[in-house]
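> Below: one structure in structure tokens.
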């Protein structure tokens, strides 16, 4: 799941592997949070019962992800970020 700890761990790993101090851009594709589209468009109805499924518990909110990315930009490790397929 995408969360602050995993984002930081993954970015630090990328910096080390690439031998650089910063990344120009970081793209998160389909963060693992439940949204109506998380079932690949099969239904646009929000299914409240899915919130209890273990893969969606402890999932980061949009605000947590944006705050983490903003902090990484302030730290100079990241210049920009984007998210796609996030409702």
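In my numbering, the protein residues as written are 1074 to 1160. Note that beta-carbon positions come from the ideal geometry of N, C-alpha and C, so glycine has one too. Please read these numbers as outputs of a predicted model, since none were measured by experiment.
(1) Identify the continuous alpha helix (DSSP H) that holds residue 1086 and give its terminal residues.
(2) Who are the near neighbours of residue 1077 in its chain, counting only those whose CB is closer than 8 Å to its CB and skipping five residues on each side?
(3) Excluding the 5 residues preceding and the 5 following residue 1154 in the sequence, name in chain order all residues of the same chain whose CB lies nearer than 6 Å to its CB.
(4) Kindly indicate which three-state DSSP category residue 1149 falls into: helix, strand or coil?
(5) Using the beta-carbon count (16 or more within 10 Å), is residue 1151 buried or exposed?
Per the coordinate set shown:
(1) Stepping through the chain shown from its first residue, residue 1086 is reached at position 13. 1077-1091 is the extent of the alpha helix (DSSP H) around residue 1086.
(2) Walking along the chain shown from the start, residue 1077 turns up at place 4. Around residue 1077: 1133, 1137, 1138, 1140 and 1141.
(3) Locating residue 1154 in the chain shown gives position 81, counting from the first residue. The answer, listed in chain order, is 1099 and 1142.
(4) As a first step, residue 1149 must be located in the chain shown, where it is residue number 76. Here residue 1149 sits in coil by DSSP.
(5) For this step, residue 1151 is matched to residue 78 along the chain shown. Buried, because 16 or more other Cβ atoms sit within 10 Å of the Cβ of residue 1151.
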